[in-house]
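Taking the numbering used here, the leading residue of the sequence shown gets 19, the next gets one more, and so forth.
In what follows, a structure is listed as structure tokens, so that the remarks can point back to it.
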Amino acid sequence: MALDKGKLQALRCFKWVEGIVFNRKEYKTGRIKPESEWITVSVEPIIDPELFEQVSLKLESRSPDKIPPRVVSSPTLLTGIVRCGSCGSAMTIATGKGGRYRYYKCSRKINDLARGERCQNTNVPMEKLDGLILRTVAERIFTPERVELMLKELEINLKYARSDQHEQIRQLT
19 MALDKGKLQA LRCFKWVEGI VFNRKEYKTG RIKPESEWIT VSVEPIIDPE LFEQVSLKLE
79 SRSPDKIPPR VVSSPTLLTG IVRCGSCGSA MTIATGKGGR YRYYKCSRKI NDLARGERCQ
139 NTNVPMEKLD GLILRTVAER IFTPERVELM LKELEINLKY ARSDQHEQIR QLT
């Protein structure tokens, strides 16, 4: 059974643990009524409260809302990684000619203009630095021997992950 957004919201609902509450809102206005007017129907919980809390925490930790989109979907290869060789500040993307050209530029060169402490380092064309990094990684890290070793380790990790998932599923059922 695939879990879509609606099913996940239903699983996060406290009624499975605490019971059901009626008459929370005004019918026409949608305003929340005072708690004294709420009607609570206690029911036998179908999920152990401790298990519910564990699952809720696990779901929350995996939420895409916890990781800023710019970190995982940035079109810039070296976002948040590259540092200025002169002052050590972060390099950010700057554009020229209406976005046609993209450069890594020292953030101290951009932001400290008002204080007169601008970094004197030059801009680095994004395409040039990205290409250099990718070639270096390919040459030094992805040698045939290392790729074979990485694939073996990946296979072992996948095997353990599958057995761990099966164990977690067994514990939840």
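Using N, Cα and C, we set each Cβ at its ideal position, and we do this for glycine too.
Check	Outcome
Residues near Tyr137 in its chain [Cβ-Cβ closer than 8 Å; skip 5 each side]	Reading the sequence as shown, one finds Cys at residue 137 and not Tyr. Cys102, Ser104, Cys105, Ser107, Cys124, Arg126, Lys127 and Asp130.
C-beta contact flag for Tyr121 and Asn139 at 8 Å	no
Bridge partner(s) assigned by DSSP for Lys43	Ile50
CB contact below 8 Å: Gly116 versus chain D	Note that chain D does not occur in the displayed structure, where there is just one protein chain.
For Ile174, the first and last residue of its enclosing beta strand (DSSP E)	Ile174 -> not in any beta strand (DSSP E); alpha helix (DSSP H) instead, spanning Pro162 to Leu190.
Start-end ranges of the alpha helix (DSSP H) lying completely within the stretch 96-133, minimum 4 residues	125-129
Leu95 versus Val59: straight-line alpha-carbon distance, rounded	54 Å
Paired residues, beta bridge with Thr94 - DSSP	Paired residues: none, contrary to the question.
Supposed contact pair Thr110 and Tyr119 - C-beta distance, whole angstroms, cut 8 Å	No, Tyr119 and Thr110 are not in contact; Cβ-Cβ is about 15 Å, not under 8 Å.
Alpha carbon of Met144 to alpha carbon of Lys115, nearest angstrom	14 Å
C-alpha gap between Ile38 and Val61, whole angstroms	7 Å
Residues bridged to Thr58 [DSSP beta-bridge criterion]	Val39
Glu53 and Asn41 closer than 8 Å at C-beta	no
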